[in-house]
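Here is the structure we will look at.
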Amino acid sequence: MINFRYHIVSLMAVFLALSVGIVIGVTLRPSVDSGLTQQAEQDRKTVQELRTEIDRRNALEKYREAYDDRVAPTVTAGLLTGRRVALIVMPDAPSATVDAIAKAVPVAGGEITKTARIDDSAFADSAPDKVDEAIGSEESVLGLEPDASAAGKLGVAVGRALLAKEPAAEDAVAKALTKALSGAGLVAFDGKAPELADLAVIVTAEAPAVTPTADQLAAHVQFDLGVAGTSAGTVVAGPNSTGIQGTDVLAVRTDANGAGVLSTVDVADLSSGVTTVLLAGKEQLLGRHGHYGALTGADAPTPELPVR
Numbered sequence: 039m040i041n042f043r044y045h046i047v048s049l050m051a052v053f054l055a056l057s058v059g060i061v062i063g064v065t066l067r068p069s070v071d072s073g074l075t076q077q078a079e080q081d082r083k084t085v086q087e088l089r090t091e092i093d094r095r096n097a098l099e100k101y102r103e104a105y106d107d108r109v110a111p112t113v114t115a116g117l118l119t120g121r122r123v124a125l126i127v128m129p130d131a132p133s134a135t136v137d138a139i140a141k142a143v144p145v146a147g148g149e150i151t152k153t154a155r156i157d158d159s160a161f162a163d164s165a166p167d168k169v170d171e172a173i174g175s176e177e178s179v180l181g182l183e184p185d186a187s188a189a190g191k192l193g194v195a196v197g198r199a200l201l202a203k204e205p206a207a208e209d210a211v212a213k214a215l216t217k218a219l220s221g222a223g224l225v226a227f228d229g230k231a232p233e234l235a236d237l238a239v240i241v242t243a244e245a246p247a248v249t250p251t252a253d254q255l256a257a258h259v260q261f262d263l264g265v266a267g268t269s270a271g272t273v274v275a276g277p278n279s280t281g282i283q284g285t286d287v288l289a290v291r292t293d294a295n296g297a298g299v300l301s302t303v304d305v306a307d308l309s310s311g312v313t314t315v316l317l318a319g320k321e322q323l324l325g326r327h328g329h330y331g332a333l334t335g336a337d338a339p340t341p342e343l344p345v346r
């Protein structure tokens, strides 16, 4: 039977348990507080160390950029004297890289004749008909292979509109192709230089979030080779220092035909990479090719100096 005495004992047990809990809590609290304090202090120390490391790396990056910018004019002085350069900008190529190369060419003694910006539609499913229609009347003078792809034909046409293997003035064919390709919405041309260029620099896109299909990458290589067939030298410049998978540069390097004809640079988004693009261009004009930078398939950081 439950009686008053039972209630008294129960209440005493509850208060005893509370008392024991309080005693244990008071006893352990200093060590718990001490542990939390030590952990917090360690976390603050770690954060400070990480901040210091970030500052160090930022300072080092600024130094590298400043060093490259200061050294580049000396390394490239006179490298492209008397040479004309056409910039060909592939879809999604970053404007900062295009601008950096455009500014570096005159410092090396060269001249930018024209810039051709390739539209996304140039590699769409509807491109073959548009390309054929655009180059129709000039196809006979382009020397196209019977089995040439649409991308290859476009590369030859763009190259013929901008480039020549020997010094030459812009002729009627070049003017007609410029007008036709522009009118078809395939290419936008900037610049009014009356001469054709002999060196082509093809500026490509960064590594994409979604890797293009093998056919898409192959089409870009075919375009590049089409351009190369009309010039004295062609460099594919990739702003790919943060990644090379799914890029035109890696596609060229892994293509049996492209790797043996074109030169590539995978760090064109860096100041040192822009210098390397010019060095690779000079090497191309001398009849040699190579693959330069820091990532997959690179032969060396730069061509062997001096380039001659």
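Under the numbering used here, think of the first position of the sequence shown as 39, with each following residue one higher.
Built from N, CA and C at the ideal position, the CB exists for glycine as well.
- Where residue 198 is concerned, there is no enclosing beta strand (DSSP E), although the alpha helix (DSSP H) around it starts and stops at 188 to 200.
- For residue 296, the enclosing alpha helix (DSSP H) stretches over residues 294 to 297.
- For residue 201 against residue 234, the beta-carbon gap comes to about 6 Å, under 8 Å, which counts as contact.
- Where residue 183 is concerned, there is no enclosing beta strand (DSSP E), because DSSP gives it neither an H nor an E.
- If you compare the alpha carbons of 314, 81 and 223 with that of residue 113, the shortest gap goes to 314.
- By the neighbour-count criterion, in which 16 or more other beta carbons inside 10 Å mark a residue as buried, residue 260 falls on the buried side.
- When DSSP assignments are scanned along the segment 60 to 136, the uninterrupted stretches of beta strand (DSSP E) that are 3 or more residues long and fall wholly within it turn out to be 122 to 127.
- In this structure, DSSP gives residue 346 a state outside helix and strand, which the three-state scheme calls coil.
- Taking 8 Å as the cut-off, the Cβ atoms of residue 242 and residue 286 count as close.
- For the 8 Å CB-CB criterion, residue 122 and residue 90 do not form a contact.
- DSSP places residue 141 in the helix class (H, G or I) of the three-state scheme.
- Here the segment 292 to 312 makes contact with the segment 118 to 137; the two share three or more CB pairs at distances below 8 Å.
- Residues of the same chain with a CB within less than 6 Å of the CB of residue 317, apart from the 5 flanking positions on each side, are 340, 341 and 345 in chain order.
- In this structure, 256 is the residue among 227, 256, 156 and 109 with its C-alpha nearest to the C-alpha of residue 294.
- Assignment of residue 282 by DSSP, reduced to helix, strand and coil, places it in the coil class.
- Taking 4 residues as the minimum length, the alpha helix (DSSP H) runs contained wholly in the segment 147 to 174 are 165 to 173, in order along the chain.
- For residue 219, the enclosing alpha helix (DSSP H) has its first and last residue at 210 to 221.
- Residue state for residue 248 is assigned as coil, using DSSP reduced to three classes.
- Per DSSP, reduced to three states, the secondary structure at residue 178 is helical.
- Taking the C-beta atoms as reference points, residue 224 is found no nearer than 8 Å to residue 263.
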